[in-house]
Amino acid sequence: RPDRARSASRAEFAKHPDAACAEITASLTAPRAWLSPKFFYDGLGSRLFDTITALPEYYPTRVEAEILATHQHDIARRIGERPVMIDLGAGNCQKAARLFPALRPAQYVPVDISVEYLRDTLEGLQRQFPEIAMQAVGADLSTPFDFPSTVGRDNRLFFYPGSSIGNFTPIEALALLQRMRAASARGDGVLIGVDLLKSVETLEDAYDDPLGVTSAFNLNILRHVNRLAGADFEVGDWQHIALFNAAHNRIEMHLQARRDVTVTWSGGTRRFLHGERIHTESSYKYRDEDFALLLEQAGFDDICVWHDRQDAFAVFHARG
Ligand code: AVI
Numbered sequence: 024r025p026d027r028a029r030s031a032s033r034a035e036f037a038k039h040p041d042a043a044c045a046e047i048t049a050s051l052t053a054p055r056a057w058l059s060p061k062f063f064y065d066g067l068g069s070r071l072f073d074t075i076t077a078l079p080e081y082y083p084t085r086v087e088a089e090i091l092a093t094h095q096h097d098i099a100r101r102i103g104e105r106p107v108m109i110d111l112g113a114g115n116c117q118k119a120a121r122l123f124p125a126l127r128p129a130q131y132v133p134v135d136i137s138v139e140y141l142r143d144t145l146e147g148l149q150r151q152f153p154e155i156a157m158q159a160v161g162a163d164l165s166t167p168f169d170f171p172s173t174v175g176r177d178n179r180l181f182f183y184p185g186s187s188i189g190n191f192t193p194i195e196a197l198a199l200l201q202r203m204r205a206a207s208a209r210g211d212g213v214l215i216g217v218d219l220l221k222s223v224e225t226l227e228d229a230y231d232d233p234l235g236v237t238s239a240f241n242l243n244i245l246r247h248v249n250r251l252a253g254a255d256f257e258v259g260d261w262q263h264i265a266l267f268n269a270a271h272n273r274i275e276m277h278l279q280a281r282r283d284v285t286v287t288w289s290g291g292t293r294r295f296l297h298g299e300r301i302h303t304e305s306s307y308k309y310r311d312e313d314f315a316l317l318l319e320q321a322g323f324d325d326i327c328v329w330h331d332r333q334d335a336f337a338v339f340h341a342r343g
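Quick note, the UniProt record's numbering runs 23 ahead of the 1-based positions in the sequence shown.
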């Protein structure tokens, strides 16, 4: 089962094809064409992402796991007794599960757009950890959290690993942190994985690996869009580009036309000239102080951060 359990076939696009098509039309006809990175994650896209996390060049997953393993007891001490662990990057729940022995949560609440998918995953996990109450919750991170009353209110911990917060702009990331703060009481916490600024070479290698897995992941969005919007993208017409945008501290992924192409889909058509790009993802990289500022602006304080030995990645804990 892919770690990145966001397979779009089970997501909201499958249920609302007209909305997905309208969204694709708006983004492809914008002056600078773009596609939402949520369309990466069909069945194959989720598997390709899973493969990315195993690449030597893609350090975030490996390094974050190392930080969490090394500092799990410090983290647990800060969090305190029997938290209600709300996992916003749930996927197959493995990152959270690795912390269970140290954190000993009273309740584990994985959040995903598809609650059906989480229920399957939870069955196995519940057998492994019968002492933890588990409840899957379906929620979209872009709207305020509205948890059922069965989700405990004492010592909530929002867990958001994997640098997923980096796929939001800083303004969107702040809004998401504010939604976490609004759903927590004084003293509740967040535990968030954040990728750090580093050399352009290391960053670009992580998003343009020599085996071409990230290229396949990026190009696969076109096949998914073909299915969602009845589009006629030819994958061979496009080239994967990953570049660091120093003005915005972000890696950008684009698809660049290899020749002049006309693309048609059920909501419209567009001619792309040779070299023209479709922006598919931004992955923001932070300095400690910049992310700490976002946490403070969202109403969190008592911030603590752990790094790996190379200062490649950071795990933040902060209290509301
Ligand atoms: C899911 N997200 C945190 C990944 C990232 O690093 O921004 C997605 C990814 N895109 C290309 N490689 C990995």
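Glycine is no exception: its CB is placed at the ideal position from the N, C-alpha and C atoms.
Which stretch, first to last residue, makes up the beta strand (DSSP E) that contains P184? Run containing P184: none; DSSP gives neither H nor E here.
Heavy atom of ligand 1 within 7 Å of S165 beta-carbon: no
What residue does the beta strand (DSSP E) around T292 start on, and which one ends it? G291 to F295
Count Cβ pairs between the stretch 44-64 and the stretch 197-217 that sit closer than 8 Å; are there 3 or more? no
Determine the direct distance from the alpha carbon of P171 to that of T144, and round the result to whole angstroms. 20 Å
Which of helix, strand or coil DSSP assigns to E227: helix
Below 8 Å on the Cβ atoms is my contact criterion, and I expect L180 with I109 to pass it. Report the Cβ-Cβ distance as a whole number of Å. 7 Å
Which word fits E87, buried or exposed, when buried means at least 16 other C-beta atoms lie within 10 angstroms of its C-beta? buried
Check the C-beta distance from A252 over to I47 and give it rounded, since I have them as a contact under 8 Å. 5 Å
Start-to-end residues for the beta strand (DSSP E) that takes in S306: R300 to Y307
Assign F314 to one of three DSSP states: helix, strand, or coil. helix
Strand pairing of T287, partner residues [DSSP]: T292
Residue burial classification, A337 (beta-carbon count within 10 angstroms, cutoff 16): buried
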